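Here's the structure we're looking at; comments come further down.
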Amino acid sequence: MSDNRLSAPSALRNRDPILAVLREALPASGTVLEIASGSGEHVIHFAKALPGLSFQPSDPAESAMASIAAWSEESGLLSILPPLQLDATAPWPVDAADAIICINMIHIAPWAAAQGLFAEAARILPPDSPLFLYGPYRRPGRPLEASNLAFDESLKARDPAWGLRDLDAVTTLAEATGFAEPEVTEMPANNLALVFRRRRVRD
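Quick note: to get this note's numbering, add 56 to the position in the sequence shown (first position is 1).
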């Protein structure tokens, strides 16, 4: 086959720390929807380590879709479903999932992507199910680290609608769409892992 596989150096660096959090946050079985799967390297790594789960990768970009499919084919893993073309800002072609993971997306996308992520996650996740986010964030009372400040400036230079998101703003958005406050884990390279859980609807 032609080699459509893309490679993201950051995925190789952060996949094991992320996996450590996912082992605690994800259910033992069910389907995990990944939003903005990118190269597809993360989903391969997680599927190998968590054989009780099925993984549904997705991405809006054709090149990413091809890369995910190529990595998946090479892996031979039957627990990875064919990638879906999915734009977080539009209605999703998914009706249900047991968990959602989204790595390094909301700062490399307009705010509408974060809004769509939480709105659609609230639609398809059952109560107590996790929505996992990973990436750098602004936090109240804490100046941005030099590396994150430079990263934020580079993102805004590429697109003024991009940039590191305020953790309080993301939490407010989550609560407004039916999620509890996040479980926050400090991660390497000044990143955070956030686990939002879908609230139960009270009678």
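C-beta: ideal position from N, C-alpha, C; glycine also.
In this text the structure is predicted, and so the values were computed from the model without any measurement.
- Nearest C-alpha to Leu181 among Arg61, Glu90 and Tyr193: Glu90.
- For the pair of segments examined, the region 248-255 was found to touch the region 187-206: the number of CB pairs separated by less than 8 angstroms reaches three.
- When secondary structure is reduced to three states using DSSP, Glu201 falls in the coil class, being assigned neither helix nor strand.
- Between the beta-carbon of Leu62 and that of Ser119 there is about 7 angstroms, and that keeps the pair under the 8 angstroms contact cut.
- Per the Cβ contact rule, the region 132-141 is not in contact with the region 67-85 (fewer than 3 Cβ pairs under 8 angstroms).
- Judged by DSSP in its simplified three-state form, Ile100 adopts helix.
- Unbroken alpha helix (DSSP H) stretches of 4 residues or longer found wholly inside the region 92-177: 97-105 and 118-131, given in chain order.
- Looking at Asn246, Arg256, Thr241 and Ala245, the one whose alpha-carbon comes closest to that of Val77 is Thr241.
- At the C-beta level, Ala177 and Ile156 come within 8 angstroms of one another.
- Bounds of any beta strand (DSSP E) do not take in Arg256, whose DSSP letter is neither H nor E.
- Residue Ala105 holds the alpha-carbon nearest to the alpha-carbon of Ile74 among Val257, Ala122 and Ala105.
- Taking a C-beta distance under 8 angstroms as the contact criterion, Arg194 and Asp222 qualify as a contact pair.
- Under the three-state reduction of DSSP output, Pro186 falls in the strand class.
- With a cutoff of 8 angstroms on beta-carbon distance, Asp184 and Arg79 are scored as not near each other.
- At the C-beta level, Pro113 and Gly86 stay beyond 8 angstroms of one another.
- Residue state for Asp215 is assigned as coil, using DSSP reduced to three classes.
- C-alpha of Glu201 to C-alpha of Met243: approximately 14 angstroms in a straight line.
- Residue state for Glu80 is assigned as helix, using DSSP reduced to three classes.
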